[in-house]
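Take a look at the structure below.
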Amino acid sequence: VFVRMNRPVTIRPLAVGCAPLIDPRLYQIAVLGSLLVYGIGWLDFEVGLAQAGVTLATVLLTQYFATRIWQLPVYDPRSALISGLSLCLLLRTNTPALAVAAGVVAILSKFLVRRRGKHLFNPTNFGLVVMMLVTDRVWASPGQWGSGAVFAFLLACLGGLVVNRAARSDVTFAFLASYALLLAGRSAWLGEPMTIPLHRMESGALLLFSFFMISDPKTTPDSRAGRILFGLCVALGAAYVQFVLFRTNALLWSLGACAPLAPVFDRFLPGARYRWAGSKPTADDPRKGESYETVHALGVRPSELGAVLPHRP
188 VFVRMNRPVT
198 IRPLAVGCAP
208 LIDPRLYQIA
218 VLGSLLVYGI
228 GWLDFEVGLA
238 QAGVTLATVL
248 LTQYFATRIW
258 QLPVYDPRSA
268 LISGLSLCLL
278 LRTNTPALAV
288 AAGVVAILSK
298 FLVRRRGKHL
308 FNPTNFGLVV
318 MMLVTDRVWA
328 SPGQWGSGAV
338 FAFLLACLGG
348 LVVNRAARSD
358 VTFAFLASYA
368 LLLAGRSAWL
378 GEPMTIPLHR
388 MESGALLLFS
398 FFMISDPKTT
408 PDSRAGRILF
418 GLCVALGAAY
428 VQFVLFRTNA
438 LLWSLGACAP
448 LAPVFDRFLP
458 GARYRWAGSK
468 PTADDPRKGE
478 SYETVHALGV
488 RPSELGAVLP
498 HRP
């Protein structure tokens, strides 16, 4: 495919999303990296340095080769590094090859499963769910790190909301409030003491899920109303999986099942598209995907895209 570049072309975006002043991924990487080091060194996490290193190398290399294959203009390792750190904290396996497979699946899902320029699933959640579906030699950590570590992690998560101006905090708080009310309501119905739902909320895995997975701005609805409804749906799904189906890892299963609802909410409750700090606004085109974004970055007019991109049925 050849694109004529003999004159400068300016493209005015059709829809401009909101972007924070500081990229929140930098703070997230610092928090997750510190937690991983502390967990391996002092909390006896069931993941060794070798597996953590292999997982991180896998996600970064997969992101690099996918960037080359999809011909993206810039290699950006930040989101991939967050996915890798989250996998190190949550994924457990005694087979290193399965940890590698989880990293590859997680990163490739961003490029292969897309809708209107957004990847559909949170990469970490997708990698975990797929691997738990295909093999019983992969499981998720419950995140029982001790009250001190959980409280410190909570403070770090809340600090991230303050530092980054809470760009997507509404979905986090909507989910946590809904989930807490469901847990408390069930305990009240059964006559259980309130210490039981409180204990269920004291989980590092729950905090990691709430502040780093369900709040992923690239996989949540664009509008605030859509994000609040999305958080409620995930909380209801998690309660159903945990207390009706009696399955573990209810949060992961629920988010994976509810992820396809995000485009539905975007359809009926449209909002501004989120952009990472420093990124350029892009056009909201139905055909938009990795190839569209690449051609758009080259400075091609929307009217010329028909001659450059293959038409999809």
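Counting in this note's numbering, the sequence shown runs from 188 upward without gaps. We treat Cβ as the ideally placed atom computed from N, Cα and C, and that holds for glycine. Predicted, not measured: the structure shown is a model, and the values here were computed from it.
Checklist entry - Mapping DSSP to helix, strand and coil, what is residue 278? => result Here residue 278 refers to the residue found at position 91 of the sequence shown. Note: residue 278 maps to strand in three-state DSSP.
Checklist entry - Are residue 437 and residue 428 touching if we call contact CB-CB under 8 Å? => result Looking up residue 437 in the sequence shown gives position 250. Looking up residue 428 in the sequence shown gives position 241. In contact: residue 437 and residue 428 (Cβ atoms closer than 8 Å).
Checklist entry - Which partner residues does residue 225 have in the DSSP bridge list? => result Start at 1 with the first residue of the sequence shown, and residue 225 comes out as number 38. DSSP, once it has assigned bridges, lists no residue as partnering residue 225.
Item to check | Inter-residue spacing [alpha-carbon to alpha-carbon] between residue 426 and residue 393 | outcome: Walking along the sequence shown from the start, residue 426 turns up at place 239. Walking along the sequence shown from the start, residue 393 turns up at place 206. Spanning the two alpha carbons is a distance of roughly 13 Å.
Next on the checklist: What does the Cβ neighbour count give for residue 284, buried or exposed, with the cut at 16 atoms within 10 Å?
Outcome noted: Position 97 of the sequence shown holds residue 284. That one is exposed.
Next on the checklist: DSSP three-state label for residue 284, please.
Outcome noted: On the sequence shown, position 97 is the one that residue 284 refers to. The answer is helix: DSSP assigns residue 284 an H, G or I state.
Item to check | Exposure label - residue 255; buried when at least 16 CB within 10 Å | outcome: In the sequence shown, residue 255 corresponds to position 68, counting from 1. When all chains shown are included, residue 255 counts as exposed.
Next on the checklist: Quick check: what's the CA-CA separation for residue 335 versus residue 226?
Outcome noted: Translated into the one-based positions of the sequence shown, residue 335 becomes position 148. Translated into the one-based positions of the sequence shown, residue 226 becomes position 39. For residue 335 and residue 226, the distance between alpha carbons rounds to 12 Å.
Item to check | Distance CB(residue 395)-CB(residue 316) smaller than 8 Å | outcome: Your numbering for residue 395 matches position 208 in the sequence shown. Your numbering for residue 316 matches position 129 in the sequence shown. Not a contact, by the Cβ cut-off of 8 Å.
Next on the checklist: Under 8 Å: do the stretch 299-311 and the stretch 339-346 share three or more Cβ pairs, one atom per stretch?
Outcome noted: no
Item to check | Reduced DSSP category for residue 405 - H, G, I as helix; E, B as strand; rest coil | outcome: Taking the first residue of the sequence shown as position 1, residue 405 is located at position 218. Coil at residue 405, not helix or strand.
Checklist entry - Under 8 Å between the Cβ atoms of residue 451 and residue 414? => result Here the question's residue 451 lines up with position 264 in the sequence shown. Here the question's residue 414 lines up with position 227 in the sequence shown. Against a cut-off of 8 Å, the Cβ pair of residue 414 and residue 451 comes out as no contact.
Next on the checklist: Buried or exposed, going by whether 16 or more other CB atoms sit within 10 Å of the CB of residue 281?
Outcome noted: Taking the sequence shown and counting its residues from 1, the one referred to as residue 281 is at position 94. Burial call: exposed.
Item to check | Spatial neighbours of residue 387 in its chain, beta-carbon cut-off 6 Å, leaving aside the 5 residues before and after | outcome: By one-based count along the sequence shown, residue 387 stands at place 200. Excluding residues within five positions, the ones whose Cβ falls inside 6 Å are 370.
Checklist entry - Just the Cα atoms here: how many angstroms apart are residue 344 and residue 378? => result Numbered from 1 along the sequence shown, position 157 holds the residue referred to as residue 344. Numbered from 1 along the sequence shown, position 191 holds the residue referred to as residue 378. Going by the C-alpha atoms only, they are around 32 Å apart.
Checklist entry - Which one of 270, 279, 303 has the shortest CA to CA distance from residue 292? => result Reading the sequence shown from its first residue, position 105 is the one you call residue 292. Among 270, 279, 303, the Cα nearest to that of residue 292 is on 270.
Next on the checklist: I need the boundaries of the alpha helix (DSSP H) containing residue 440, first residue and last residue.
Outcome noted: Translated into the one-based positions of the sequence shown, residue 440 becomes position 253. Residue 440 -> alpha helix (DSSP H) spans 437-445.
Item to check | Residue nearest to residue 333 in terms of C-alpha spacing, selected from 248, 249, 230, 247 | outcome: Position 146 of the sequence shown, counting from 1, holds the residue named residue 333. Checked all of 248, 249, 230, 247; the closest Cα to residue 333 is 230.
Item to check | Three-state class that DSSP yields for residue 214 in the structure shown | outcome: As a first step, residue 214 is located in the sequence shown; it is residue number 27 there, counting from the start. In this structure, residue 214 counts as helix in the three-state DSSP scheme.
Checklist entry - By how many angstroms is the C-alpha of residue 329 removed from the C-alpha of residue 311? => result Translated into the one-based positions of the sequence shown, residue 311 becomes position 124. Translated into the one-based positions of the sequence shown, residue 329 becomes position 142. When rounded, the distance between both Cα atoms is 15 Å.
Item to check | residue 459 (DSSP reduced to helix, strand or coil) | outcome: Against the sequence shown, residue 459 aligns to sequence position 272. Note: residue 459 maps to coil in three-state DSSP.
Checklist entry - Could you give the distance in angstroms between the alpha-carbon of residue 313 and the alpha-carbon of residue 376? => result Here residue 313 refers to the residue found at position 126 of the sequence shown. Here residue 376 refers to the residue found at position 189 of the sequence shown. Distance between the alpha carbons of residue 313 and residue 376 is about 34 Å.
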